[in-house]
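650 is the number of the first residue of the sequence shown in our numbering; add one for each residue after it.
Positions of the beta carbon are idealized from the N, C-alpha and C atoms, including for glycine.
Okay, structure first, notes after.
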Amino acid sequence: MLRARGAATPSEEFPQVGDQTLMSEDSVPPRDAPQEQDQDSSENSPIAQQKEHGGQEQENEDQAQVHKDDGQIQRQQLVPHSRVHQTVQRDHPVDNILGSIRRGGEQALEDPDWVMAMQEELNNFTRNEVWSLVERPNQNVIGTKWVFRNKQDEHGVVTRNKARLVAQGFTQAEGLDFGETYAPVARLESIRILIAFATHHNFKLYQMDVKSAFLNGPIQKLVYVEQPPGFKDPKKPNHVYKLHKALYGLKQAPRAWYQCLKEFLLKNSFEIGKADSTLFTRKFDNDLFVCQIYVDDIIFGSTNKAFCDEFSRIMTKRFEMSMMGELKFFLGLQIKQLKEGTFLCQTKYTQDMLKKFGMENARPINTPMASKGHLDLYDESKKGKNVDQKLYRSIIGSLLYLCASRPDIMLSVCMCARFQADPKECHLVAVKRILRYLVHAPNLGLWYPKGSTFDLLGYSDSDHAGCKVDRKSTSGTCQFLGRSLVSWRSKKQTSVALSTAEAEYVAAGACCAQLLWMRQTLRDIGCEFIKIPLLCDNESAVKLANNPVQHARTKHIDIRHHFLRDHEAKGDIALHHVCSENQLADIFTKPLDESRFCDLRSELNILDYRNAV
650 MLRARGAATP
660 SEEFPQVGDQ
670 TLMSEDSVPP
680 RDAPQEQDQD
690 SSENSPIAQQ
700 KEHGGQEQEN
710 EDQAQVHKDD
720 GQIQRQQLVP
730 HSRVHQTVQR
740 DHPVDNILGS
750 IRRGGEQALE
760 DPDWVMAMQE
770 ELNNFTRNEV
780 WSLVERPNQN
790 VIGTKWVFRN
800 KQDEHGVVTR
810 NKARLVAQGF
820 TQAEGLDFGE
830 TYAPVARLES
840 IRILIAFATH
850 HNFKLYQMDV
860 KSAFLNGPIQ
870 KLVYVEQPPG
880 FKDPKKPNHV
890 YKLHKALYGL
900 KQAPRAWYQC
910 LKEFLLKNSF
920 EIGKADSTLF
930 TRKFDNDLFV
940 CQIYVDDIIF
950 GSTNKAFCDE
960 FSRIMTKRFE
970 MSMMGELKFF
980 LGLQIKQLKE
990 GTFLCQTKYT
1000 QDMLKKFGME
1010 NARPINTPMA
1020 SKGHLDLYDE
1030 SKKGKNVDQK
1040 LYRSIIGSLL
1050 YLCASRPDIM
1060 LSVCMCARFQ
1070 ADPKECHLVA
1080 VKRILRYLVH
1090 APNLGLWYPK
1100 GSTFDLLGYS
1110 DSDHAGCKVD
1120 RKSTSGTCQF
1130 LGRSLVSWRS
1140 KKQTSVALST
1150 AEAEYVAAGA
1160 CCAQLLWMRQ
1170 TLRDIGCEFI
1180 KIPLLCDNES
1190 AVKLANNPVQ
1200 HARTKHIDIR
1210 HHFLRDHEAK
1220 GDIALHHVCS
1230 ENQLADIFTK
1240 PLDESRFCDL
1250 RSELNILDYR
1260 NAV
């Protein structure tokens, strides 16, 4: 019989199931004990390689041919040692940290450490009264499987083993096994707004995690699942489990958990946001408590530290929580809360991405895109040969996530993303240039300084017919809270603009919509704004918004864009002209030369951490 180290002997409360023995809660080691993998067991498994050609790229990168060795990607297929027991120091070198593992259930059942993790998961099922063993019904029974991974902190250090039993939700029948499935999650703009708000009001943000969160959500439909692989009851091998709570993998599980958490918070006198249903607040005289929900991760803070302690107490009383202290790492964002301000970056993510695509030693370059280059060429002979779509899309997806803290690459990534359906060599050269720019500046991030004002301000800009294929324009917008950049966008317009004024007018409308959403979100945390300034560098667009005139060059504009004029008349926003030199949204509309690009990057407070403080 296989038994994990320290496992309790079989008893009525924790019986021997199959060839495994379930452990009592007292015998399970602390979940947060840091652990390290044995490096000698790692293996390199290339997932995408191209044949190597000699030579270096020419000085003009936009005319260079794509060398296959530059496109080489190697991802480490990491297989940990069967014993994970050593203590990890906080300053463990990032390069020596092993990543998430993939191991089959049968192999894991032979490893006492992973058996221990599985037993801990099943103990959670018992504590939360997730299921009960019943006879097999005459209806759909959903399969189950084990999923294994290593949990890491913000430095990539492995902190613990995690085994999770999941339901194979792809076998669920809609209407029979599940109904509504939607559950909201916090937008990245909401997270940045909260961080900027906390920085301005000089209070710390903290983070907690709900352990096995989905196991707390009651489900409405009658759902049956198979017994866990390797843990079948030998006396009732054909029985199945009837679910009382949601299980990871079920389609309705996220919604069930969100409803459970929302009802608990509302019951404890919290108010839900009107514009953001993942924002919860509570007011205490002159103090404010605020928390943001992202599935099972919770960010919270208050102008009075005592209310944070009280919130931790009531959450711990109701759910099994993992307290993580000050907010340092969230959704891939590294967050440094300092006395001078707050710094947001994705340095570790950037380094890992460059290593993943084999570009960590590439020659650096100072801008992410050539100022006079065009990706949408008519001449097929200049585009070059087809390239690996999977490779191209993988790079684009990785870069898009990096835009969460790097607005300086937003335009170049979005322009390259337009060619994912049929990428050519010239497009891959452009994407690789972005990676080379990241080699040049991997440590840049957003700096939110303390001591500045907290005024809501928007910038909108547009080029005109910048896309040479369909002649559509690109809108660029950004929104500030004081000097803190919290939202930005670069997007090709859906219709062809017949004039620069029309293109700028459409861009201003998009910026107005974002400002109105932000105003409502900020109103939920006690900030009120009227006549929000919106700065545009086109006088004709400003006059078009301020005066309901109609003539041959504007009468065709889609009516949905005229809501800008409506909110201008109501006093919700105030559209002002700004000279082109001071138009900060210019960086989101077209490629710029190095001098202009660096100036705007600095004005947006995209800085190196070492220079920010």
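DSSP state of residue i mapped onto helix, strand, coil
i     : result
N810  : strand
G1046 : helix
A1114 : coil
C1185 : strand
D945  : coil
E1009 : coil
S691  : Unreliable positioning characterises S691 in this predicted model, as indicated by a pLDDT of 38, which lies under 50. The coordinate reading is nonetheless provided below. Coil, per DSSP.
G1094 : strand
F819  : helix
Y998  : helix
V1135 : strand
P867  : strand
T848  : helix
N773  : helix
L980  : coil
Nearest to residue i (by Cα), restricted to the options the options
i     : options                    : result
G1033 : C1075, K1039, R1012        : C1075
I597  : A1223, M857, D1186, K1005  : Since the first residue of the chain shown is 650 and the last is 1262, residue 597 is not available in this structure.
A847  : Q986, F1178, L1024, R1132  : Q986
K954  : D946, V939, L837           : V939
F819  : W795, G898, I844           : G898
F933  : H804, I1174, L1060         : I1174
A862  : K800, Q876, I840, Y943     : Y943
L1224 : I791, M1002, Q1232, A1190  : A1190
A1159 : S1043, F992, E823, Q1128   : Q1128
W795  : A757, H1211, A1157         : A757
Y907  : M964, L843, Y831           : Y831
V881  : L825, V807, V806, V783     : Sequence inspection shows Lys at residue 881; the Val mentioned does not correspond to that position. Measuring from the Cα of K881, the nearest candidate turns out to be V783.
A1152 : W1166, G1115, F1178, Q1163 : G1115
M972  : T991, D945, L993           : D945
N1260 : W1137, T991, F1006         : T991
S781  : E769, F797, H888, D1257    : H888
L1249 : E823, D1257, A1234         : A1234
N935  : F956, A1157, V1118, T965   : F956
Rounded distance between the beta-carbons of residue j and residue i, thought under 8 Å
i     : j     : result
L1041 : V1080 : What sits at residue 1041 in the sequence shown is Tyr, not Leu. Contact holds; Cβ gap of about 7 Å.
R1120 : R1012 : No, R1120 and R1012 are not in contact; Cβ-Cβ is about 35 Å, not under 8 Å.
K891  : Y873  : 6 Å
G1107 : L1183 : 5 Å
Q590  : Q995  : Here the chain covers residues 650 to 1262 and nothing more, so residue 590 does not appear.
S1047 : M1002 : 5 Å
D1186 : C1247 : Between C1247 and D1186 the Cβ distance is about 20 Å, and since that is not below 8 Å, they are no contact.
F1178 : H849  : Contact doesn't hold; Cβ gap of about 14 Å is too wide.
I1006 : I1044 : As written in the sequence, residue 1006 is Phe, which differs from the Ile given in the question. Between I1044 and F1006 the Cβ distance is about 6 Å, and since that is below 8 Å, they are a contact.
L1134 : L1253 : 5 Å
L976  : Y855  : 6 Å
H893  : E823  : Their Cβ separation, rounded to whole angstroms, is 21 Å, which puts H893 and E823 out of contact at 8 Å.
Sub-8 Å separation of residue i and residue j beta-carbons
i     : j     : result
Y998  : G981  : yes
T1016 : E1243 : yes
E989  : K1099 : yes
A845  : Y1097 : yes
R931  : F913  : no
A1194 : R1214 : yes
K1180 : G1220 : yes
C1065 : M1059 : no
I1014 : R1082 : yes
I1255 : L1093 : yes
K870  : D826  : yes
T808  : Q817  : no
A1095 : S1136 : It should be noted that the sequence gives Leu, not Ala, for residue 1095. No, these two residues do not count as a Cβ contact at 8 Å.
Notebook entry, point to check: Between the stretch 856-874 and the stretch 891-911, do three or more beta carbon pairs fall short of 8 Å?
Noted result: yes
Is the stretch 803-815 touching the stretch 760-776, taking contact as three or more C-beta pairs under 8 Å? yes
So, does the stretch 1229-1239 touch the stretch 1119-1139, judging by three or more C-beta pairs under 8 Å? yes
| said: Quick check: the stretch 922-931 against the stretch 819-839, are at least 3 beta-carbon pairs closer than 8 Å? | reply: yes
Does the stretch 1141-1156 touch the stretch 1104-1111, meaning 3 or more C-beta pairs lie closer than 8 Å?
yes
Count the C-beta pairs between the stretch 784-796 and the stretch 870-884 that are closer than 8 Å, then say yes if the count reaches three, no if not. yes
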